[in-house]
Every structure is written in C-alpha cells, then in structure tokens.
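Worksheet: one structure, shown below.
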C-alpha cells in the first residue's frame, strides 16, 4: 500500500463504517468511533502502512481537529440559549466533572502512579478525562493534541472510557432513572415543556443528503471558512512561545468558530456539524493506525 492509497483509505473508511452501523444494530451499539479504532489498530499493525507514512499521518492528526472544531460550532445558535439555565448547567457540570477527576486522580494514584509509563502521564490523563466528560470525543481529541499525549495512551483511555460508559448507560437506561427519581423524589410529568422541545428533528442518517447540490456549495464555503480560521489561529500562535502554541491555536479556533456562528448565513449551513464530526472519525482511525500494540500498556492501564 502506497501513501496515496493510505490517505484514500482514511477518507473513505469512516463512510463505510457509518453505513454499516446504520444497517447492523449490533454495530450501531458499539459505535463508529470504537469500530474505527479497531480498524485503525489492525491496519497500523498489519504491516500494510508504508514506510515513511508517519509524516503524512502526523500532518493529518495535527490539522484535522483544528479544522473540525469550527465546523461543529458554526451551527450553534447561542442566541436561543436560556442563559440562566445554561450557566447553571455549566457550573454544576463543571464542578461535578472536576470533583470526579480530582477524586479519581488521588484514589487511583497509588495504583497507576507506580507504573513508570502511565504514572508519568496521570496529569495528562486527568486533563483528557475532563475534556471527554465536558465535550465528548472532539474535546478529548483537542486536548490530546494540546497536551501532546502519546497515541497509545489516548486510545487506551478513550477505549476504557467507552467501555465503562456503556455499562453506566445500560444501568441508567434500565433501572437507574426510575431508581434516582424515587430516591430524589423527582415528579414524573406528562409531556415535554414547549421551551425544552428540540428545535430540529433528529436525523439518524445525516450524511444521506451530504452531497446534494443545494448542500454542496454551503459545505464548501464552511470548509473554506474553517481553513481561514485555522490559518488566522496558526498565525497568532507564531508570535508566542512554542510551548503554548497549540493551546493558543485550539482556543483561538474555538473563539473564532463561536463568533462565526453569530452570522446567520454561517449558522444555517445544515451540514457543517456533520462534516466536522466526519473529520473526527477520520482522526480516530488515523490515531489508531499510528498506535503500536507493543506499546499499549494494558497492565498499567488496568
């Protein structure tokens, strides 16, 4: 396999995985991210990745998340937010996550800290977990880049997180909600208040109209705007010390992406969020293909 074919594989495999998850209920339960991790690990450790492909892989990993973040922010309508409830949710959520992460850090430090590899990365692991519990996989990927976390550690942490989250969600969706409502005396109401009704209907297959003529030009404009934001953020980072350049890039991109969402024509681009999420899927596969199974410290992680 040459480098060109490798890049094409990275680009089209997420589409194949998304198609499979839409058709096979069992694969849908596993989720596209974990499936892409598995495919990437197999690809990267099968000997099919050509020698000298690391530079291309590293370029994709470095560039793709800064491009994805603005795309995922463009469609946010911050003007319609209930500011009071949003701030309350933000504060309580942040306190809960920070409390859990700090507690976990000190609880598991005697176990993980003794491992020379994982113990030295506990601060970065805490940062990644804070990211994933406040913003999901895109946040986790951004923090991985900012903190320069090794690919193997990133895969290990996210895989454990998804496995544990699956068990937790199974509990919550089965007996957890009725149990918590009974303990906390939460009244069950019929119907959903109008102000909490979803603005748009949820589409289980958002990519089916991705390349329709009416969506293609706005999507290209969104991509061009995202590239422009990336260039501006990259330029700003060059005047600062190298140690904080990536942090500045991510924060600048996020700020500019939010600012762009206040422009109505940008906010109304239907496919921008899904395009950004597709880039996250590509990132997931590329990172997994760069991981060396011999360096996956399973004993230290467990």
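Numbering (my numbering), first residue to last: 58 to 359. Every residue gets a Cβ at the ideal spot worked out from N, C-alpha and C, and that includes glycine.
Distance between residue 204 and residue 121, taken at the CA atoms: about 16 Å. A direct Cα-to-Cα measurement between residue 186 and residue 108 gives close to 33 Å. Under the three-state reduction of DSSP output, residue 152 falls in the helix class. Under the criterion of beta carbons closer than 8 Å, residue 317 and residue 282 qualify as touching, at roughly 6 Å. For residue 209, the three-state secondary structure derived from DSSP is helix. Inclusion of residue 345 and residue 96 in the CB contact set at 9 Å is warranted, their separation being smaller than that value.
Nearest to residue 340 by alpha-carbon distance, out of 164, 324 and 91, is 91.
Fewer than three beta-carbon pairs drawn from the region 323-333 and the region 67-74 are found closer than 8 Å, and the two stretches are therefore not classed as touching. Within the same chain, 191 come within 8 Å of residue 151 by CB-CB distance, once the 5 residues on both sides are set aside.
Judged by DSSP in its simplified three-state form, residue 342 adopts helix.
Out of 219, 266, 343 and 195, the CA that lies nearest to the CA of residue 123 is found in 195. Just so you know, the alpha carbons of residue 295 and residue 68 end up roughly 30 Å apart.
Sixteen is the threshold: when 16 or more other Cβ atoms of the shown chains lie within 10 Å of the Cβ of residue 348, as they do, the residue is buried. The three-state reading of DSSP puts residue 172 in coil, since its state is none of H, G, I, E or B.
Rounded to the nearest whole angstrom, the CA to CA distance from residue 170 to residue 298 is 30 Å. Between residue 118 and residue 304, the alpha-carbon positions lie close to 15 Å from each other. For the 9 Å CB-CB criterion, residue 306 and residue 285 do not form a contact. For residue 134, there is no enclosing alpha helix (DSSP H), as DSSP marks it with neither H nor E. Residues of the same chain with a CB within less than 6 Å of the CB of residue 206, apart from the 5 flanking positions on each side, are 181 in chain order.
Counting along the chain, residue 264 sits inside no alpha helix (DSSP H), nor does DSSP assign it H or E at all.
Take the alpha-carbon of residue 129 and the one of residue 264: they are about 15 Å apart. Beyond the five residues adjoining it in sequence on each side, residue 338 comes within less than 8 Å, by CB distance, of 71, 74, 75, 89, 90 and 93 in the same chain, given in chain order. At a Cβ-Cβ threshold of 9 Å, residue 310 and residue 276 do not count as neighbours. Its Cα nearest to that of residue 135, the residue 320 stands out among 320, 328 and 343. The DSSP-derived three-state label of residue 103 is coil.
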